[in-house]
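Encoded as structure tokens, the structure appears first; notes follow it.
Protein chains: 2
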Amino acid sequence: MKLAVLGAGAVGRSVAELAADYDHEVVALADSSSGVVDAGGVDVDAVFERKDDEGVVGDGDVDDVLAADYDCLVEATPTTLDDAQPGFGHVEAALERDRHVVLANKGPVAERYDDLRDRVAASAGEVRFEATVAGAIPAIATIEGVGADRVTAARGVLNGTANFILTRMAAEGLNYEHVLAEAQDLGVAEADPTFDVEGIDAALKCAIVANVLHDGGYSLDDVDVRGITAIPGSALELAAEDSRTVRLIGEVDEDGDARVAPRLLPENDTLAVTGTQNLVQLETTHAGRLNLSGRGAGGPETATAVLADVDRLADPE
Amino acid sequence: MKLAVLGAGAVGRSVAELAADYDHEVVALADSSSGVVDAGGVDVDAVFERKDDEGVVGDGDVDDVLAADYDCLVEATPTTLDDAQPGFGHVEAALERDRHVVLANKGPVAERYDDLRDRVAASAGEVRFEATVAGAIPAIATIEGVGADRVTAARGVLNGTANFILTRMAAEGLNYEHVLAEAQDLGVAEADPTFDVEGIDAALKCAIVANVLHDGGYSLDDVDVRGITAIPGSALELAAEDSRTVRLIGEVDEDGDARVAPRLLPENDTLAVTGTQNLVQLETTHAGRLNLSGRGAGGPETATAVLADVDRLADPE
Chain C
1 MKLAVLGAGA VGRSVAELAA DYDHEVVALA DSSSGVVDAG GVDVDAVFER KDDEGVVGDG
61 DVDDVLAADY DCLVEATPTT LDDAQPGFGH VEAALERDRH VVLANKGPVA ERYDDLRDRV
121 AASAGEVRFE ATVAGAIPAI ATIEGVGADR VTAARGVLNG TANFILTRMA AEGLNYEHVL
181 AEAQDLGVAE ADPTFDVEGI DAALKCAIVA NVLHDGGYSL DDVDVRGITA IPGSALELAA
241 EDSRTVRLIG EVDEDGDARV APRLLPENDT LAVTGTQNLV QLETTHAGRL NLSGRGAGGP
301 ETATAVLADV DRLADPE
Chain W
1 MKLAVLGAGA VGRSVAELAA DYDHEVVALA DSSSGVVDAG GVDVDAVFER KDDEGVVGDG
61 DVDDVLAADY DCLVEATPTT LDDAQPGFGH VEAALERDRH VVLANKGPVA ERYDDLRDRV
121 AASAGEVRFE ATVAGAIPAI ATIEGVGADR VTAARGVLNG TANFILTRMA AEGLNYEHVL
181 AEAQDLGVAE ADPTFDVEGI DAALKCAIVA NVLHDGGYSL DDVDVRGITA IPGSALELAA
241 EDSRTVRLIG EVDEDGDARV APRLLPENDT LAVTGTQNLV QLETTHAGRL NLSGRGAGGP
301 ETATAVLADV DRLADPE
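The listed protein sequences correspond, in order, to chains C and W. Those letters in the first sequence? Residues 1 to 317, per the working numbering, in order. Those letters in the second sequence? Residues 1 to 317, per the working numbering, in order.
Have a look at this one:
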């Protein structure tokens, strides 16, 4: 397929770099301030070289990319809350032209799922969003396979940064501030870690899963959120004495309630994955519990989910 | 879709019972000696009541079922080796009529994959077989999503009976014969447990995964197989002293070599699932390692995989 890629961060870049390996062609690409369109196929290496040297991917802009002749728009700009702009507008523009959209940006699916479905209903294009929940882990595809009606609950470790910090606190007996600084040095936590450590990123993923399981109706405001910043190192030490540990668990329960909170678990519990790993656990009506774990973030990992979604789309007419 | 179900064991029965919940209709059904066809929809409860009372599902036979007007044949008769008959013939008959086939029977995909592909190439029907590897776990769908070319190796715990026995031996310090008898009492092991404990069932699954990853060429003969019957209880005790345990691991490695053998693992290794759980671990080119675990056997669990496959098929013309 011909892809237009919006966003030139780690995910957008990896999608553009891996597209050829999936027999797709990038015909347009934009970062936040510039864009490039080439109907014959964008020279991806040259474009990113130019971005590294000159700070722009080309002489055009986002509107040029949105107007290009593509089959599928990959929306990988940063997640924004509330009206989820400008991401939502990008998706809207593609659907109005009956083009497919694959999202890595969580905003439109977490914050405006119902609006999104209205736009999809009026379009010949489809929208997919595997990459928005737990990176490379096929959470959405597995829910689709089982059937959303037959998944009674979902829970998991949905944020690798928070999980890395909790794992290190428990393993080394260190406090939150110390481990956060270490995670920032390693590039596992951002300079402003609020989204990850306060549970907001995990809560957005919960809202997305809740929307899939319950046919819409959820946004960040519907998720009860508690992060990990208030957990003292001593709590993890006490837990360890009892062969337990603490993980930040996102959950959509049997009643459809969505929440993110630290939870005490047996050390050998399936949910107690370590480091930056993510895990998604699904309770099903006829097939018991399914566990899916792997890398929940990273450019190539998330791009793998994006490109799997592209392959699941109907071929253009 | 209109389904014809061959096989009235735990899996065939569950497929027939759950089909309506997936908005499919069973129009024909056979066990090993009898068959029933009803273009208006088979009364599934009545048919199984008759089977329980009279030992037959109807007054017809398998040929009547194969000749019925169905969209998809579900082949859930017992797995056979070598020529994989009669299962292979059933699949062949459906494909010759341009009908879809979903397999729970491992024989045709493990033993005659290349023959099967020839038949598929000449048909408008498709063949799917998620249920043949690790029951409810979406192993094949996940490989398809990542792309077989981008999965460099696969390994896992592919037989719940063997895993149950090893778990109990380690937990209770009991020997193989003792635990086998217990497993047989619980219905976890069959009266003749050879297929499970000698690693043959796991090896068939390895052959299937190897065929998917390497575009055919494998059968049971290509898998190096060692089972668990020769493991002394003392070996598990020694392993436990070193915080290790033993699991029967099936593997298709980076060189395309397929094998099943007991392996020493750290007790907390992701592969060391307990009881009758199965786990499939995929190594991918761009997305690291993915782990999928859940119930690897059971009627409703395997039927869930069968019916997910049915939903992945193209709608009939």
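Glycine is no exception: its CB is placed at the ideal position from the N, C-alpha and C atoms.
| Going by beta carbon distance, what residues of the same chain come within less than 8 Å of Leu95 of chain W, once the five residues before and after it are set aside? | Closer than 8 Å at the Cβ level, and outside the excluded window around Leu95 of chain W, lie Val101, Arg119, Val120, Ala122, Ser123, Gly125, Val127.
| query | Can you list, in chain order, the residues of its chain whose CB lies under 6 Å from that of Ala136 of chain W, leaving out five sequence neighbours each side? | reply | Apart from sequence neighbours up to five positions away, the residues of its chain that approach Ala136 of chain W with a beta-carbon distance below 6 Å are Gly294, Arg295, Glu301, Thr304, Ala305, ordered along the chain.
| Nonlocal neighbours in the same chain, by C-beta distance under 6 Å from Leu282 of chain C, ignoring five residues either side | Same-chain partners within the cutoff: Val151, Ala154, Leu290.
| query | So, helix, strand or coil for Arg289 of chain W, using DSSP? | reply | strand
| Looking only at DSSP bridge pairs, what is Gln281 of chain C linked to? | DSSP output for Gln281 of chain C lists C:Arg155, C:Asn291 as bridge partner(s).
| request: Using a Cβ-Cβ cut-off of less than 8 Å, give me the residues of the stretch 276 to 296 of chain C that come near chain W, in sequence order. | output: Residues Thr284, His286, Ala287, Gly288, Arg289, Leu290, Asn291, Leu292, Ser293, Gly294, Arg295.
| task | Report the neighbours of Leu18 of chain C on chain W: residues whose CB is nearer than 7 Å to its CB, in chain order. | result | His286
| said: Strictly by DSSP, which residues pair up with Cys72 of chain W? | reply: W:Leu3, W:His100
| task | Answer yes or no: do Gln277 of chain C and Gly199 of chain C have a C-beta to C-beta separation smaller than 8 Å? | result | no
| query | Quick one, are the C-beta atoms of Asp224 of chain C and Arg247 of chain C less than 8 Å apart? | reply | Arg247 of chain C is positioned such that its CB atom lies no closer than 8 Å to that of Asp224 of chain C.
| query | How would you list, in chain order, the residues of chain W whose beta-carbon sits under 8 Å from the beta-carbon of Pro300 of chain C? | reply | The answer, in chain order, is His286, Ala287.
| task | Check whether the Cβ atoms of Val47 of chain C and Val57 of chain C lie closer than 8 Å to each other. | result | yes
| Cβ-based neighbour list, Arg13 of chain C, same chain, cut-off 7 Å, excluding 5 preceding and 5 following | Phe48, Gly299
| query | Touching or not, the stretch 77 to 91 of chain C and the stretch 183 to 191 of chain C, by the rule of three or more beta carbon pairs under 8 Å? | reply | Touching, no.
| query | What three-state label does DSSP hand Asp269 of chain C in the structure shown? | reply | coil
| field | For Glu54 of chain C, three-class secondary structure by DSSP | value | Three-state result, Glu54 of chain C: helix.
| Selected residue, minimal CA-CA separation from Val133 of chain C, among C:Ala110, C:Val26, C:Asp115, C:Val36 | When each option's Cα is compared against that of Val133 of chain C, the closest is C:Ala110.
| request: Just the C-alpha distance for Leu18 of chain C and Val44 of chain C, rounded to the nearest angstrom, thanks. | output: 10 Å
| the stretch 133 to 154 of chain C: which residues have C-beta closer than 9 Å to a C-beta of chain W, in chain order? | Residues of the stretch 133 to 154 of chain C that bring their beta carbon within less than 9 Å of a beta carbon in chain W comprise Gly135, Ala136, Ile137, Pro138, Ala141, Thr142, Glu144, Gly145, Val146, Gly147, Asp149, Arg150, in sequence order.
| request: Examine the Cβ distances between the stretch 29 to 43 of chain C and the stretch 59 to 74 of chain C and report whether three or more of them are shorter than 8 Å. | output: Yes, the stretch 29 to 43 of chain C is in contact with the stretch 59 to 74 of chain C.
| said: Quick check on this structure: which residue in W:Leu213, W:Glu241, W:Ala235 has the alpha carbon closest to the alpha carbon of Pro262 of chain W? | reply: The residue with the shortest Cα to Cα distance from Pro262 of chain W is W:Ala235.
| query | Which two residues bound the contiguous alpha helix (DSSP H) that contains Glu172 of chain C? | reply | Unbroken alpha helix (DSSP H) run through Glu172 of chain C: 160 to 172.
| field | Span separating the alpha-carbon of Asp315 of chain W from that of Arg99 of chain W | value | 11 Å
| Between the beta-carbon of Lys2 of chain C and the beta-carbon of Glu25 of chain C, is there less than 8 Å? | yes
| Which residues of chain C have a Cβ atom closer than 8 Å to the Cβ of Ser268 of chain W, listed in chain order? | Note on identity: in this sequence residue 268 of chain W is Asn, with Ser being the wrong assignment. Residues of chain C passing the Cβ test: Asn268.
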